[in-house]
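Have a look at the structure below before the remarks.
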Amino acid sequence: VFRVFPLLCAIAQLNFLCPAPGPRPSPVNVDAHLLRFSTRDTSRRRLFHACENAIFLRAHCHHYSHVCLQIVKVWSEDGAGKVVEIPADMTARDVCQLLVYKSHCLDDNAWTLVEHHPILGLERCLEDHELVVQVQASMSSDSKFLFRKNYAKYEFFRNPLNFFPEQMVAWCQESDGSIPQSQLLQNFLNSSSCPEIQGYLYMKEPGRKSWKKLYMFLRRSGLYYSTKGTSKEPRHLQLVSDLEDSNIFTIITGKKLHNAPTDYQFCIKPSKVRSDCKELKMLCAEDEQSRTCWMTAFRLLKYGIVLYQNYNAPQQRKANLLPLSAPVRSVSENSLVAMDFSGRTGRIIDNPVEAQSAAVEEGQTWRISTQSGCDHMFVCVAVIHRTQVWFHGRIMREEAHKMIIQQGQVDGLFLLRDSQSNPKAFVLTLCHHQKIKHFQILPCEEDGQVFFSLDDGATKFTDLIHLVEFYQLNRGVLPCKLKHPCTAVAL
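According to mature numbering (1 follows the signal peptide of the UniProt record, and there is no 0), the stretch in the sequence shown is residues -19 to -1, 1 to 472, in order.
If you want it as structure tokens, here you go:
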């Protein structure tokens, strides 16, 4: 009684503070569920998570039914798992928001649920509108959901020409390549149009380890290959797979397992298939750009305008909140605001002259403090970067490659790690034009103080945080600015 009564009081208060609009669902179902939950495990942590879950569902997900809750387990990159109980009709996007809420991390609309099949060596990002419980019902017992970022999920809406080379889009070839990018996307989103992706792919022959190079066509009706060269005649086209009842996956086991001709493998898996490799359509592209084009076109042709609605949903929510909230400022603007903390409370310095004099005074104070040789300050500078989301410690070069690929190979995706060859140095791993590059950050000493530099001492920084902030605003010697930190959250 002493455990259940405060819980029921909390739920009653929650019903009063966060009433659901429209027809009010009966709170008895939620209370009875939490009551059963508390009798199974009386630990305070489980009770707290139950209340936290109910608060999120009531405050953020009014349109979901509270009658039937299903158990879903989600895993993070560090191998930790979290069990959440969600309505049967909850989408992947809202499950991500729930996990962001529980993990207290920043929601930048890049988080995604990944359907991971370790035995088959396959994984794919769930679309935001997909029902998580429904997807889980089609998965085998060894499969699981992963929670990670994917910055490339909707990047094709921002830069479609980077995803669809003119030589692979039949419509562009017929128009001599003079198609604006907005019209290119409209052709994919418009259900009455007939866009087509074409090009060579390797396909694994059923029951054998050999691969055959074929000229293929991707249309709304499915994926076809030509039995006679590059002919498009209907009598020469053979259906490989339809789009309606299939999903496209990335193969993560490497080319050695399947004896693939290149590293750029992907797979079309029928939704009804759980663990039967014979039903999988194993494909392989010549390069990363070609693979990305095929996989992106598959998603666009299958879901069409629904993908665009998913892409616009966060912007629409933000626009609806603007009249009720303060103006949203970017990170770069916030980092450049002058503040005065000399009094009991901080204040923003609006006068540019006062701001400049404060900056000069702060710089002089910094020089004096560094010349005095405070050991504790040097210790803080040496370890403060380890608290940042973009720093991943002593991971191998291959692991850094894997993380960048998993979170979407978009321009500006980066992470920092300890150098393997030099114990005093660090390495910046950066993605640009779908290629992963590494830049060594070397320490250099001047007047008894240690600095860090990417360009042999031409630009020096007192710590790695200052270095990252500088290259987020300036390209410098890098091929592009640092935009997206490669993040691993602990659930």
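Just so you know, even glycine gets a beta-carbon here, dropped at the ideal spot from N, CA and C.
Keep in mind that this is a model prediction, so the values were computed, not measured.
8 angstroms CB neighbourhood of LEU238 in its chain, flanking five on each side removed:
GLY102
For SER57 and PHE128, which I take to be in contact (beta-carbon distance under 8 angstroms), what is that distance rounded to the nearest angstrom?
5 angstroms
Pairing CB atoms from the segment 274 to 282 with CB atoms from the segment 88 to 100, are three or more of them under 8 angstroms?
no
Can you tell me the Cα-Cα spacing of CYS423 and ALA406, whole angstroms?
Note that residue 423 corresponds to Leu in the displayed sequence, not to Cys. Roughly 5 angstroms separates the two Cα atoms.
Return the chain-ordered ranges of every alpha helix (DSSP H) run that is complete within the segment 231 to 310 and spans a minimum of 4 residues.
236 to 239, 269 to 284 and 286 to 302
Excluding five sequence neighbours on each side, which residues of the same chain lie with their C-beta closer than 7 angstroms to the C-beta of CYS467?
TRP371, MET384, ILE385, GLN388, LEU394, PHE395 and LEU396
Can you check the segment 376 to 464 for any beta strand (DSSP E) of at least 3 residues that lies completely inside it and give the ranges in chain order?
394 to 399, 407 to 413, 416 to 427 and 430 to 434
For PRO215, which three-state DSSP category applies?
helix
Could you please give the first and the last residue of the uninterrupted beta strand (DSSP E) stretch that includes VAL53?
50 to 56
Counting only the same chain and skipping the five closest in sequence on each side, list residues whose C-beta sits under 8 angstroms from that of GLN415.
GLU269, GLN270, THR273 and GLN390
Identity of the residue in ARG375, VAL221, LEU107 and ASP321 nearest TYR284 by Cα:
LEU107
Within the segment 69 to 144, ranges of the beta strand (DSSP E) (whole runs, at least 3 residues)
92 to 98, 103 to 106 and 125 to 130
Given ASP244, which residues of its chain have a CB within under 8 angstroms of its CB, disregarding the five upstream and five downstream residues?
GLY235 and LYS236
Residue from LEU204, LYS193 and ALA340 whose Cα sits closest to the Cα of GLU267
LYS193
Between the C-alpha atoms of ALA73 and GLY188, what's the straight-line distance to the nearest angstrom?
35 angstroms
By a C-beta neighbour count over all protein chains shown, 10 Å radius and 16 as the cutoff for buried, is VAL458 buried or exposed?
exposed
Assuming GLY62 and LYS54 are in contact, meaning their beta carbons sit under 8 angstroms apart, how far apart are those beta carbons, in whole angstroms?
5 angstroms
In chain order, what residues of the same chain lie with their CB nearer than 7 angstroms to the CB of SER212, ignoring the 5 residues before and after it?
none
Identify the residues that DSSP records as bridge partners of GLN179: which are they?
PHE198
Name the DSSP bridge partner or partners of PRO338?
In the sequence on display, residue 338 carries Ser and not Pro. Paired residues: none, contrary to the question.
Three-state secondary structure (DSSP) at LEU170?
helix
Where VAL116 falls, given that 16 or more other Cβ within 10 Å makes a residue buried:
buried
Along the chain, where does the beta strand (DSSP E) that runs through GLY374 open and close?
Where GLY374 is concerned, there is no enclosing beta strand (DSSP E), given that its DSSP letter is neither H nor E.
ASN291, buried or exposed, once every other Cβ within 10 Å from all chains shown has been counted against 16:
buried
Local conformation of LEU220 per DSSP, three classes:
strand
Through-space distance from ILE417 to ILE376, alpha-carbon basis:
16 angstroms
Taking the alpha carbon of GLU136 as the point to measure from, which residue in VAL150, LEU166, SER121 and SER122 has its own alpha carbon closest?
LEU166
Excluding five sequence neighbours on each side, which residues of the same chain lie with their C-beta closer than 6 angstroms to the C-beta of GLN246?
ILE232 and CYS265
Looking at the structure shown, is ILE365 part of a helix, part of a strand, or coil, going by DSSP?
helix
Which value, in whole angstroms, describes the spacing of the CA atoms of ILE446 and GLN453?
11 angstroms
Cut-off 7 angstroms between Cβ atoms - residues of its own chain near ILE330, not counting five sequence neighbours on either side:
ALA319, MET320, ASP321, ALA336 and ALA339
Which residue from ASP70, LYS130, GLN401 and ALA118 puts its Cα closest to that of ALA91?
LYS130
Extent of the continuous beta strand (DSSP E) to which LEU204 belongs:
203 to 207
Helix, strand or coil at ARG21 [DSSP, three-state]:
Residue confidence for ARG21 is low, a pLDDT of 44 falling below 50, so the modelled location carries little weight; the figure read from the coordinates is stated next. Three-state result, ARG21: helix.
For SER191, list the residues DSSP reports as bridge partners.
According to DSSP, which records beta bridges pairwise, SER191 is partnered with nothing at all.
Report all residues from its chain with a CB closer than 6 angstroms to the CB of ARG200; omit the five preceding and five following residues, and keep chain order.
GLU177
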